[in-house]
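I have placed the structure first, in the form of structure tokens, so that the comments after it can refer back to it.
There are 2 protein chains.
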Amino acid sequence: MKELLESARRGKIRAIARLITQVENSPAAAEQAVQALYPHTGKAHIVGITGSPGAGKSTVVNALVKMLRQQEARVGIVAVDPSSPFTGGALLGDRVRMRDLSGDPGIFIRSMASRGSLGGLAQATASVVKVLDAAGYDFILVETVGAGQAEVDIANAAHTTVVVEAPGMGDEIQSIKAGILEIADILVVNKVDRPGADRTVRSLKMMLHLGPVGGTRRSGRISANNVQENSGGWDIPVIETIATEGKGMAELAATLGRHMAHLRQSGEWLQRERDRSWREIEMLLQRRFMHQFQAQVPLEMREGLLTAVAERAVDPYTAVNQLLAKSDENM
Amino acid sequence: MKELLESARRGKIRAIARLITQVENSPAAAEQAVQALYPHTGKAHIVGITGSPGAGKSTVVNALVKMLRQQEARVGIVAVDPSSPFTGGALLGDRVRMRDLSGDPGIFIRSMASRGSLGGLAQATASVVKVLDAAGYDFILVETVGAGQAEVDIANAAHTTVVVEAPGMGDEIQSIKAGILEIADILVVNKVDRPGADRTVRSLKMMLHLGPVGGTRRSGRISANNVQENSGGWDIPVIETIATEGKGMAELAATLGRHMAHLRQSGEWLQRERDRSWREIEMLLQRRFMHQFQAQVPLEMREGLLTAVAERAVDPYTAVNQLLAKSDENM
Numbered sequence: 261m262k263e264l265l266e267s268a269r270r271g272k273i274r275a276i277a278r279l280i281t282q283v284e285n286s287p288a289a290a291e292q293a294v295q296a297l298y299p300h301t302g303k304a305h306i307v308g309i310t311g312s313p314g315a316g317k318s319t320v321v322n323a324l325v326k327m328l329r330q331q332e333a334r335v336g337i338v339a340v341d342p343s344s345p346f347t348g349g350a351l352l353g354d355r356v357r358m359r360d361l362s363g364d365p366g367i368f369i370r371s372m373a374s375r376g377s378l379g380g381l382a383q384a385t386a387s388v389v390k391v392l393d394a395a396g397y398d399f400i401l402v403e404t405v406g407a408g409q410a411e412v413d414i415a416n417a418a419h420t421t422v423v424v425e426a427p428g429m430g431d432e433i434q435s436i437k438a439g440i441l442e443i444a445d446i447l448v449v450n451k452v453d454r455p456g457a458d459r460t461v462r463s464l465k466m467m468l469h470l471g472p473v474g475g476t477r478r479s480g481r482i483s484a485n486n487v488q489e490n491s492g493g494w495d496i497p498v499i500e501t502i503a504t505e506g507k508g509m510a511e512l513a514a515t516l517g518r519h520m521a522h523l524r525q526s527g528e529w530l531q532r533e534r535d536r537s538w539r540e541i542e543m544l545l546q547r548r549f550m551h552q553f554q555a556q557v558p559l560e561m562r563e564g565l566l567t568a569v570a571e572r573a574v575d576p577y578t579a580v581n582q583l584l585a586k587s588d589e590n591m
Numbered sequence: 261m262k263e264l265l266e267s268a269r270r271g272k273i274r275a276i277a278r279l280i281t282q283v284e285n286s287p288a289a290a291e292q293a294v295q296a297l298y299p300h301t302g303k304a305h306i307v308g309i310t311g312s313p314g315a316g317k318s319t320v321v322n323a324l325v326k327m328l329r330q331q332e333a334r335v336g337i338v339a340v341d342p343s344s345p346f347t348g349g350a351l352l353g354d355r356v357r358m359r360d361l362s363g364d365p366g367i368f369i370r371s372m373a374s375r376g377s378l379g380g381l382a383q384a385t386a387s388v389v390k391v392l393d394a395a396g397y398d399f400i401l402v403e404t405v406g407a408g409q410a411e412v413d414i415a416n417a418a419h420t421t422v423v424v425e426a427p428g429m430g431d432e433i434q435s436i437k438a439g440i441l442e443i444a445d446i447l448v449v450n451k452v453d454r455p456g457a458d459r460t461v462r463s464l465k466m467m468l469h470l471g472p473v474g475g476t477r478r479s480g481r482i483s484a485n486n487v488q489e490n491s492g493g494w495d496i497p498v499i500e501t502i503a504t505e506g507k508g509m510a511e512l513a514a515t516l517g518r519h520m521a522h523l524r525q526s527g528e529w530l531q532r533e534r535d536r537s538w539r540e541i542e543m544l545l546q547r548r549f550m551h552q553f554q555a556q557v558p559l560e561m562r563e564g565l566l567t568a569v570a571e572r573a574v575d576p577y578t579a580v581n582q583l584l585a586k587s588d589e590n591m
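For the protein sequence lines, the chains are A and B, in the order given.
Those letters in the first sequence? Residues 261 to 591, by the numbering used here.
Those letters in the second sequence? Residues 261 to 591, by the numbering used here.
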């Protein structure tokens, strides 16, 4: 393990891949890896990329990667597919991607699918991002499918969140946009050669200025003492792209740099690091608590209470009280 | 509170609405309500409805509700919008819906948006469903937007999960489908009057038979001892609808009944109740653990460690070990 960690840190592709597999499969390996690599992290620019299905997120990511590579940056890509918790649904996209970007040692791609556990994916993604950070990638792009809580969690783990939209996605999607816009630092309207692009750009700009803090990021970040803090000072730019032709990618790359400079100058960089650290610590604490609990309360008691709750003989709150009493007793 | 609970249980609309507001806003009220109402729950058929944006989910829900009302069933609708964690993004859809279904005392509609807390929405939804169950609604339709972890959580809280698709939703959506199909008990292809409908129906049927347990639900349900269990014995039907004209709704309603009968006969009903109970208990336990922890570890220590982690002076695992040691000390 020590050798593997050292090779990964020196950027050896195969070592990184092997280490990530270990980190994904074993919490003990994740702990060991993060403890060893953590002092070497904090250098990468972590960019979350999300948006409506069909907006061309993957194409935007590929085009952006090519642009960043032209600028000599090393890029790690983590493609997260929370919609497929049971089987490896992320694999198909990975294979398509590989064909397009493979062969370049300055690019590392990894697909991840949820395993159905509460918070498991967010935790694993955080560890994988740390491995890539320590391995010296300048940018780590975390791409997610869908528009749910997972995106919000991932946005909270990124320095910069890019939301990708496209013209003419239908009315129902408006409501999703409204939600997802709240996590955006940068908006991309892709496929601007399509009919209706002007209208989409206009309506997005309008939505951005309708919010409670008109035009600045409405931050819902929560600090350790649960106080909501506003970031402010950053006007969310709307960037028009045609990713299949690489159009708009230079502007997107430059805007990423500009956002990074803003984060550092405003002091928000440290605030985002603190928020992310808190979320990670919270997840680790919860896992530890559940392990302790399972060790302290016999399986038969848990199973018995579960049946009683399912049959309406005991309510869930009373069951929790009984389980906690047992847990305290056996400490 | 006692009077309010009694009125809600007798199905008084205004009491139900007021009780739900209290349950959403205060964990203490949720505990009191669930403890009091729990013995009266377990009668409703809880149906989760999800699918790709633009497939016409809301229209399907509205048409299904009208069909169920014709059959004299009382219907509760919970519209969950996990994409909007910070502001009340669910409200727009709610207002549109109200216009269509309002005035019928056999229908209760409630919109919910996430508040940005880990698992907070799933927890609140579970409590609201219990209130409606105890209030005597025969069906509780839980409708979600998007295709993320929230959908999976909600599917795990339903007896029957309906996934709504539509023809011609683009290629990227295929990968989402693959993921979301894994949680479906019933598939609806809406807008079958559109071009390409035949192809969509055919490809969905093909995907259903490509899975590892070909044609039966690939259940990822996790029991209290973390053993994955398969359900099986249910062939996922593909139902063709034109919701705007009410077409296919009688078949959908009948299929819901058939799935319910299957659950009861196969014994899976109790299994799903147990799974759901376990998830709920797990969420409650984690909340309790975090409360205890916050009471035991001084805020200054938490804040200090957070800064140290953000600045890379301490890694997250070491921070957790220090926090737990402090917590044990102060117990």
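Every residue, glycine too, gets a C-beta built ideally from N, C-alpha and C.
Worksheet item: Does the beta-carbon distance from B:His-305 to B:His-419 come in below 7 Å?
Response: Counted from its first residue, the second sequence places residue 305 of chain B at position 45. Counted from its first residue, the second sequence places residue 419 of chain B at position 159. The criterion of a C-beta distance shorter than 7 Å is satisfied by B:His-305 and B:His-419.
Discussion item. Whether or not the segment 291-307 of chain B and the segment 574-591 of chain A are in contact is what I'm after, with contact meaning three or more pairs of Cβ atoms, one per stretch, closer than 8 Å; do they touch?
Written reply: yes
Worksheet item: Which residue or residues does DSSP assign as beta-bridge partners of A:Thr-404?
Response: Walking along the first sequence from the start, residue 404 of chain A turns up at place 144. BP columns for A:Thr-404 point to A:Val-340.
Worksheet item: When the distance is taken between beta carbons, is B:Ala-289 closer than 7 Å to B:Val-283?
Response: Position 23 of the second sequence holds residue 283 of chain B. Position 29 of the second sequence holds residue 289 of chain B. Result yes, Cβ atoms of B:Val-283 and B:Ala-289 sit closer than 7 Å.
Discussion item. Looking only at its chain, what residues have a beta carbon closer than 6 Å to the beta carbon of A:Ala-568, apart from the 5 residues adjacent to it on each side?
Written reply: Taking the first sequence and counting its residues from 1, one reaches residue 568 of chain A at position 308. Cβ neighbours of A:Ala-568 beyond the five flanking positions: Val-574.
Worksheet item: Roughly how many angstroms separate the alpha carbons of A:Ala-208 and A:Ala-386, rounded to a whole number?
Response: Because residue 208 of chain A is not part of the residues shown, which for chain A are 261 to 591, the question remains open.
Practice prompt. Give a single yes or no on whether B:Ala-568 has its beta carbon closer than 6 Å to a heavy atom of the ligand FMN.
Written response: With respect to the ligand FMN, the structure offers nothing, as it holds no ligand at all.
Worksheet item: Counting only beta-carbon atoms, is B:Ile-231 nearer than 7 Å to chain A?
Response: Any property of residue 231 of chain B remains undetermined from this structure, which presents chain B solely from 261 to 591.
Item to complete: Spatial neighbours of A:Lys-507 within its chain, please: CB distance less than 7 Å, with the 5 preceding and 5 following residues excluded, ordered by chain position.
Response: The residue labelled residue 507 of chain A in the question sits at position 247 within the first sequence. The answer, listed in chain order, is Thr-501.
Fill in: Counted within 10 angstroms of its Cβ, other Cβ atoms place B:Ile-273 as buried (16 or more) or exposed
Residue mapping note: residue 273 of chain B aligns to position 13 of the second sequence, counting from 1. Exposed, because fewer than 16 other Cβ atoms sit within 10 Å of the Cβ of B:Ile-273.
Discussion item. Below 7 Å on C-beta distance, what does A:Ser-537 contact in chain B?
Written reply: Locating residue 537 of chain A in the first sequence gives position 277, where the first residue counts as 1. What A:Ser-537 touches in chain B: Leu-566, Val-569, Ala-570 and Pro-576.
Worksheet entry | Selection from B:Val-580, B:Arg-548, B:Gln-552 and B:Arg-547 that minimises the alpha carbon distance to B:Glu-563 | Position 303 of the second sequence, counted from the start, is the residue given in the question as residue 563 of chain B. For the residues B:Val-580, B:Arg-548, B:Gln-552 and B:Arg-547, the minimum Cα distance to B:Glu-563 belongs to B:Val-580.
Worksheet entry | Spatial distance of B:Gly-475 from B:Ala-513 (CA atoms) | Taking the second sequence and counting its residues from 1, one reaches residue 475 of chain B at position 215. Taking the second sequence and counting its residues from 1, one reaches residue 513 of chain B at position 253. Because B:Gly-475 sits at a pLDDT of 36, beneath the cut-off of 50, its placement in the model cannot be relied upon, and the following sentence gives the value as read from the coordinates. Distance between the alpha carbons of B:Gly-475 and B:Ala-513 is about 21 Å.
Discussion item. Just to confirm the assignment: which complete alpha helix (DSSP H) runs, minimum length 4, are found wholly within the segment 282-339 of chain A?
Written reply: 287-297 and 317-330
Item to complete: For chain B, find out if any of its Cβ atoms is closer than 7 Å to the Cβ of A:Glu-489; answer yes or no.
Response: As a first step, residue 489 of chain A is located in the first sequence; it is residue number 229 there, counting from the start. Caution is warranted here: a pLDDT of 37 is assigned to A:Glu-489, below 50, making its placement in the model unreliable, and no coordinate value can be reported.
Worksheet item: Using a Cβ-Cβ distance under 7 Å, would A:Phe-549 count as near chain B?
Response: Locating residue 549 of chain A in the first sequence gives position 289, where the first residue counts as 1. It does; some Cβ of chain B falls within 7 Å.
Worksheet item: Should A:Gly-396 and A:Phe-368 be called a contact, given that it needs their Cβ atoms to be closer than 7 Å?
Response: To locate residue 396 of chain A, count along the first sequence from 1; it is residue 136. To locate residue 368 of chain A, count along the first sequence from 1; it is residue 108. Result no, Cβ atoms of A:Gly-396 and A:Phe-368 do not sit closer than 7 Å.
Practice prompt. Let me know the secondary structure DSSP gives A:Met-467 once reduced to three states.
Written response: The residue labelled residue 467 of chain A in the question sits at position 207 within the first sequence. DSSP places A:Met-467 in helix when its eight states are reduced to three.
Worksheet entry | Paired residues, beta bridge with A:Ile-446 - DSSP | The residue given as residue 446 of chain A occupies position 186 in the first sequence. Answer is A:Val-422.
Worksheet item: Quick one: is B:Leu-544 near chain A, going by C-beta distance under 7 Å?
Response: As a working mapping, residue 544 of chain B is identified with position 284 in the second sequence. Chain A contact via Cβ: present.
Practice prompt. Rank B:Gly-271, B:Gly-311 and B:Val-320 by C-alpha distance to the C-alpha of B:Arg-334 and give the top, closest one.
Written response: Looking up residue 334 of chain B in the second sequence gives position 74. If we check each option's Cα against that of B:Arg-334, B:Gly-271 comes out closest.
Item to complete: Under 8 Å by Cβ, that's how I've got B:Leu-361 and B:Met-509 pegged, so tell me the actual separation to the nearest angstrom.
Response: Here residue 361 of chain B refers to the residue found at position 101 when the second sequence is read from its first residue. Here residue 509 of chain B refers to the residue found at position 249 when the second sequence is read from its first residue. Taking a contact as a CB-CB distance under 8 Å, the pair B:Leu-361 and B:Met-509 does not count as one, their CB atoms being some 14 Å apart.
Worksheet item: How should A:Gln-331 be labelled, buried or exposed, when 16 other C-beta atoms within 10 angstroms of its C-beta is the threshold for buried?
Response: Numbered from its first residue, the first sequence carries residue 331 of chain A at position 71. So A:Gln-331 ends up on the exposed side.
Worksheet item: Does B:Leu-279 have its Cβ less than 7 Å from a Cβ in chain A?
Response: Position 19 of the second sequence, counting from 1, holds the residue named residue 279 of chain B. No - not a single Cβ of chain A is within 7 Å of the one on B:Leu-279.
Discussion item. According to DSSP, simplified to helix, strand and coil, what is B:Arg-594?
Written reply: With chain B covering 261 to 591 only, the question about residue 594 of chain B has no answer from this structure.
Worksheet item: When burial is assigned at 16 or more other CB atoms within 10 Å of the CB, is A:Lys-390 buried or exposed?
Response: For this step, residue 390 of chain A is matched to residue 130 along the first sequence. A:Lys-390 is buried by the Cβ-count criterion.
Discussion item. Assuming B:Gly-316 and B:Ala-503 are in contact, meaning their beta carbons sit under 8 Å apart, how far apart are those beta carbons, in whole angstroms?
Written reply: Position 56 of the second sequence, counted from the start, is the residue given in the question as residue 316 of chain B. Position 243 of the second sequence, counted from the start, is the residue given in the question as residue 503 of chain B. The pair is a contact, with the Cβ atoms about 6 Å apart (cut-off 8 Å).
Item to complete: Please go through the same chain and pick out, in chain order, the residues whose beta-carbon is closer than 6 Å to the beta-carbon of A:Arg-459, but skip the five residues on each side of it.
Response: Translated into the one-based positions of the first sequence, residue 459 of chain A becomes position 199. The answer is none, since no qualifying residue turns up.
Fill in: Coarse secondary structure for A:Val-580, derived from DSSP in three states
Mapped onto the first sequence, residue 580 of chain A falls at position 320. It is helical.
Worksheet item: Mind pulling the chain A residues with CB within less than 9 Å of B:Val-294?
Response: Counting from 1 along the second sequence, the entry for residue 294 of chain B is found at position 34. Chain A residues near B:Val-294: Asp-575, Pro-576 and Tyr-577.
Item to complete: Would you verify that the beta carbon of B:Tyr-298 is, or is not, closer than 7 Å to some beta carbon of chain A?
Response: Within the second sequence, numbered from 1, the residue matching residue 298 of chain B stands at position 38. For B:Tyr-298, the closest Cβ of chain A is nearer than 7 Å.
Worksheet item: Under the rule that 16 or more other beta-carbon atoms within 10 Å means buried, what is B:Asn-450, buried or exposed?
Response: Position 190 of the second sequence, counted from the first residue, corresponds to residue 450 of chain B. With 16 or more other Cβ atoms within 10 Å, it is buried.
Worksheet item: Can you round the beta-carbon distance between A:Val-498 and A:Leu-464 to whole angstroms, since I take them to be within the 8 Å contact cut?
Response: Position 238 of the first sequence, counted from the start, is the residue given in the question as residue 498 of chain A. Position 204 of the first sequence, counted from the start, is the residue given in the question as residue 464 of chain A. Between A:Leu-464 and A:Val-498 the Cβ distance is about 6 Å, and since that is below 8 Å, they are a contact.
Worksheet item: For B:Ala-394 versus B:Ser-371, is the C-beta spacing smaller than 7 Å?
Response: For the purposes of this step, residue 394 of chain B is taken as residue 134 along the second sequence, with counting starting at 1. For the purposes of this step, residue 371 of chain B is taken as residue 111 along the second sequence, with counting starting at 1. It is not a contact, given that the beta carbons lie outside the stated cut-off.
Fill in: Bridge partners - B:Ser-371, DSSP secondary structure assignment
For this step, residue 371 of chain B is matched to residue 111 along the second sequence. Per DSSP, B:Ala-339.
Worksheet item: Which residues, in order along the segment 512-528 of chain A, keep a beta-carbon less than 9 Å from a beta-carbon of chain B?
Response: none
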